[in-house]
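Undergrad:
Protein chains: 2
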Amino acid sequence: MSRIVPGAFSSDDDAQMRQAERDVTHAFEGQAFDFAALLAVSNVFRAATAVRNHMEREVLSPHQLSWSAFVVLFVLRVWGKQESHQLAREAGITGGTLTGVLTTLERRGFAKRAAHPTDGRRVIVSPTAKGRRTVDQIMPVFNHHEALVTADLSPTDRRELARLLRTVLRTLDTDGQDVD
Amino acid sequence: MSRIVPGAFSSDDDAQMRQAERDVTHAFEGQAFDFAALLAVSNVFRAATAVRNHMEREVLSPHQLSWSAFVVLFVLRVWGKQESHQLAREAGITGGTLTGVLTTLERRGFAKRAAHPTDGRRVIVSPTAKGRRTVDQIMPVFNHHEALVTADLSPTDRRELARLLRTVLRTLDTDGQDVD
DNA sequence: ACACTATCGTTCGGTCCCGAACGACTTCCG
DNA sequence: CGGAAGTCGTTCGGGACCGAACGATAGTGT
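Chains A and B, in that order, are what the protein sequence lines are.
Per our numbering, the first sequence runs over residues -14 to 165.
Per our numbering, the second sequence runs over residues -14 to 165.
And the structure:
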């Protein structure tokens, strides 16, 4: 059973966590320690991994699509053709990674690359009809599972969760790109 | 600029998001759609990626440690030697992945494997003195950055964020292992 | 004792992912 | 014009990561 994240026996959550807090602060005693920040960060990461694995297993693997491949395809489905750097940013991956994902997507006939009309360096990415159809087929199931994993959250909680995470993202975004 | 996650111009957040909601619901019109669930799930994943990348770039890369390698080392530092399956669970990775991470950690002299006294299948993993020293050196900086990325959250918000994520984790945990 | 079953950690195939280096192309400026 | 500097997408090296298959060890029942 995890010592930072609760396991199946939720009645022990608080006790386990206080013990974990004691353990950690004891290990680094004599130093100021922001345990709430540790907990927030570590839970974000654990939740993301768990959700991603769940989705890939339950929803995506029958279609042989990875999380990233699906996200890219989803973006193309909803917002249509676009340049690859924008697509990469939208999907939250680097350009190098997008190349690989796009190669896979193209090989399977879900998307296609095209040359930019005036700028020879750029690439325009479009979804194919097959790609759009696939997203339309997967998305209802995907969204259903999104609802499932957040089932124990009230509607207010979900909005609140999204809001808090958005705050973190904005913090990372604005001090990540720093001064121009 | 992302259409689901806000970019630098935070004053447009709400407008952008409502536009995104319209876009998405329009793309899948005629079907019930839980946009709050989509937002929550997608933000969890984005925040995790952003935080992980930030940490690996700013804190871990000087030590040539990946996120997972550091988490494993951290667990070993705080809770000491333990069997590998427990360590894997604690670090949130699978056994197969732990083998790779452990090989790296062992090669660099941060941890070591030992045979279980009675059970020949099991392996006991311990941190080395060098491994402990490394964690002690990194952790203050790491925690400082954890505080930084959650800087725009109030102490209450941080606890709330951790709590909401814990709920999601528990949901995934309990219906993931199902009935015995 | 001895098959049968369960449970370890490891290996393997495949994908993802990043950052850095690279080549192709464009833009800027003399 | 034509080189210099900048900006694209791609390639590459290396690690992470999963799930499935595997070999070794332990327990179980007869």
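Where is the CB? At the ideal position from N, CA and C, for every residue including glycine.
Need the endpoints of the alpha helix (DSSP H) that lysine 97 of chain A sits in, please.
TA: Position 112 of the first sequence holds residue 97 of chain A. Note, lysine 97 of chain A: premise wrong, no alpha helix (DSSP H); beta strand (DSSP E) at 96 to 100.
Undergrad: Within 10 Å of its beta-carbon, does arginine 42 of chain A have 16 or more other beta-carbons around it, so buried, or fewer, so exposed?
TA: Translated into the one-based positions of the first sequence, residue 42 of chain A becomes position 57. It is exposed - the Cβ of arginine 42 of chain A has fewer than 16 other Cβ atoms within 10 Å.
Undergrad: Taking all protein chains shown into account, decide if alanine 114 of chain B is buried (16 or more other Cβ within 10 angstroms of its Cβ) or exposed.
TA: Taking the second sequence and counting its residues from 1, the one referred to as residue 114 of chain B is at position 129. It is exposed - the Cβ of alanine 114 of chain B has fewer than 16 other Cβ atoms within 10 Å.
Undergrad: Over what stretch of residues does the alpha helix (DSSP H) that includes isoleucine 123 of chain B continue unbroken?
TA: As a working mapping, residue 123 of chain B is identified with position 138 in the second sequence. Looking at the DSSP string, the run of the alpha helix (DSSP H) that includes isoleucine 123 of chain B is 114 to 134.
Undergrad: If we ignore side chains and look at the alpha-carbon of each, how far apart do leucine 23 of chain A and glutamate 131 of chain B end up?
TA: If you number the first sequence from 1, residue 23 of chain A lands on position 38. If you number the second sequence from 1, residue 131 of chain B lands on position 146. If I take the Cα positions, the gap works out to 6 Å.
Undergrad: Do valine 86 of chain A and leucine 157 of chain B have their beta-carbon atoms positioned less than 9 Å apart in this structure?
TA: For the purposes of this step, residue 157 of chain B is taken as the residue at position 172 of the second sequence. For the purposes of this step, residue 86 of chain A is taken as the residue at position 101 of the first sequence. Taking 9 Å as the Cβ cut-off, leucine 157 of chain B and valine 86 of chain A do not qualify as a contacting pair.
Undergrad: Residues of chain B with a CB under 7 Å from the CB of proline 18 of chain A: which are they?
TA: In the first sequence, residue 18 of chain A corresponds to position 33, counting from 1. Residue identity differs from the one stated: residue 18 of chain A is phenylalanine in this sequence, not proline. Neighbours of phenylalanine 18 of chain A on chain B, chain order: Asn128.
Undergrad: Does the structure place the stretch 139 to 149 of chain A close enough to the stretch 52 to 68 of chain A that three or more beta carbon pairs sit under 8 Å?
TA: In short, these stretches do not touch, since the Cβ pair count stays below three.
Undergrad: Could you pull the start and end residues of the alpha helix (DSSP H) that arginine 62 of chain A belongs to?
TA: Taking the first residue of the first sequence as 1, we reach residue 62 of chain A at position 77. Note, arginine 62 of chain A: alpha helix (DSSP H), 52 to 64.
Undergrad: Should glutamate 14 of chain A go down as buried or exposed, given a rule of 16 or more other Cβ atoms within 10 Å for buried?
TA: The residue you call residue 14 of chain A lines up with position 29 of the first sequence. It is exposed - the Cβ of glutamate 14 of chain A has fewer than 16 other Cβ atoms within 10 Å.
Undergrad: Contact criterion: CB-CB distance below 9 Å. Does threonine 84 of chain A meet it with respect to chain B?
TA: For the purposes of this step, residue 84 of chain A is identified with residue 99 of the first sequence, where counting begins at 1. Not one chain B Cβ lies under 9 Å of threonine 84 of chain A.
Undergrad: Using a Cβ cut-off of 9 Å (strictly closer), state whether leucine 72 of chain A contacts chain B.
TA: Numbered from 1 along the first sequence, position 87 holds the residue referred to as residue 72 of chain A. Answer no: the Cβ-Cβ gap between leucine 72 of chain A and chain B never drops below 9 Å.
Undergrad: Assuming the contact rule is C-beta atoms closer than 8 Å, valine 110 of chain A and arginine 98 of chain A should be a hit. Round their C-beta distance to whole Å, please.
TA: Your numbering for residue 110 of chain A matches position 125 in the first sequence. Your numbering for residue 98 of chain A matches position 113 in the first sequence. Between arginine 98 of chain A and valine 110 of chain A the Cβ distance is about 6 Å, and since that is below 8 Å, they are a contact.
Undergrad: Return yes when the Cβ of valine 57 of chain A is within less than 9 Å of the Cβ of valine 29 of chain B, no when it is not.
TA: Sequence index remark: in the second sequence, residue 29 of chain B carries index 44 (1-based). Sequence index remark: in the first sequence, residue 57 of chain A carries index 72 (1-based). For valine 29 of chain B and valine 57 of chain A, no; Cβs fall outside 9 Å.
Undergrad: Note down, in chain order, each residue of its chain lying with its Cβ closer than 7 Å to the Cβ of histidine 48 of chain A, except the 5 sequence neighbours on either side.
TA: Along the first sequence, read from residue 1 onward, the residue named residue 48 of chain A stands at position 63. Contacts found: Thr119 and Ile123.
Undergrad: Considering Cα atoms alone, identify which of B/Asp137, B/Leu83, B/Gln4 and B/Ala54 is closest to valine 63 of chain A.
TA: Locating residue 63 of chain A in the first sequence gives position 78, where the first residue counts as 1. When each option's Cα is compared against that of valine 63 of chain A, the closest is B/Gln4.
Undergrad: Between the alpha carbons of serine 46 of chain B and alanine 32 of chain A, how many angstroms are there, rounded?
TA: The sequence position of residue 46 of chain B within the second sequence is 61, counting from 1. The sequence position of residue 32 of chain A within the first sequence is 47, counting from 1. One C-alpha to the other measures close to 24 Å.
Undergrad: So which of B/Ala35, B/Ala100, B/Thr79 and B/Asp19 has the shortest CA-CA distance to serine 139 of chain A?
TA: On the first sequence, residue 139 of chain A is found 154 positions in, with the first residue counted as 1. Comparing Cα-Cα distances from serine 139 of chain A to each of B/Ala35, B/Ala100, B/Thr79 and B/Asp19, the minimum goes to B/Asp19.
Undergrad: Could you give the distance in angstroms between the alpha-carbon of alanine 100 of chain B and the alpha-carbon of glutamine 71 of chain A?
TA: Reading the second sequence from its first residue, position 115 is the one you call residue 100 of chain B. Reading the first sequence from its first residue, position 86 is the one you call residue 71 of chain A. Each residue's Cα considered, the two are about 51 Å apart.
Undergrad: Taking a cut of 7 Å between CB atoms, which residues from the stretch 22 to 43 of chain A lie near chain B?
TA: The residues in question are Ala22, Leu23, Leu24, Ala25, Val26, Asn28, Val29, Phe30, Arg31, Ala32, Ala33, Thr34, Ala35, Val36, Arg37 and His39.
Undergrad: Do you know offhand how far arginine 37 of chain B's Cα is from alanine 35 of chain A's?
TA: Within the second sequence, residue 37 of chain B is the residue found at index 52, counting from 1. Within the first sequence, residue 35 of chain A is the residue found at index 50, counting from 1. So the alpha carbons of these two residues sit roughly 15 Å apart.
Undergrad: Please go through the same chain and pick out, in chain order, the residues whose beta-carbon is closer than 7 Å to the beta-carbon of alanine 54 of chain A, but skip the five residues on each side of it.
TA: As a first step, residue 54 of chain A is located in the first sequence; it is residue number 69 there, counting from the start. Once the five neighbours on either side are set aside, the close Cβ partners of alanine 54 of chain A are Val86, Thr89 and Leu90.
Undergrad: Quick one: is alanine 39 of chain B buried, meaning 16 or more other Cβ sit within 10 Å of its Cβ, or exposed?
TA: Here the question's residue 39 of chain B lines up with position 54 in the second sequence. The identity of residue 39 of chain B in the sequence shown is histidine, whereas the question assumes alanine. Buried, since its Cβ has 16 or more Cβ neighbours within 10 Å.
Undergrad: Given that leucine 58 of chain B touches chain A, what residues does it touch there, using C-beta distances under 9 Å?
TA: Stepping through the second sequence from its first residue, residue 58 of chain B is reached at position 73. Correct list: empty, because the minimum Cβ distance to chain A is about 12 Å.
Undergrad: Can the beta-carbon of leucine 50 of chain B be found closer than 9 Å to that of alanine 96 of chain B?
TA: By one-based count along the second sequence, residue 50 of chain B stands at place 65. By one-based count along the second sequence, residue 96 of chain B stands at place 111. Contact: no.
Undergrad: Straight-line CA distance for aspartate 104 of chain A to phenylalanine 127 of chain B?
TA: Residue numbering aside, residue 104 of chain A sits at position 119 when the first sequence is read from its first letter. Residue numbering aside, residue 127 of chain B sits at position 142 when the second sequence is read from its first letter. Their backbone Cα atoms lie some 43 Å apart in a straight line.
Undergrad: Have a look at the DSSP bridge pairing and note the partners of glutamine 67 of chain A.
TA: Position 82 of the first sequence, counting from 1, holds the residue named residue 67 of chain A. In the DSSP output, where bridge partners are listed per residue, glutamine 67 of chain A has A/Val110.
Undergrad: Apply the 10 Å Cβ neighbour rule to arginine 143 of chain A and answer buried if 16 or more other Cβ atoms are within range, or exposed otherwise.
TA: For this step, residue 143 of chain A is matched to residue 158 along the first sequence. Under this definition arginine 143 of chain A is a buried residue.
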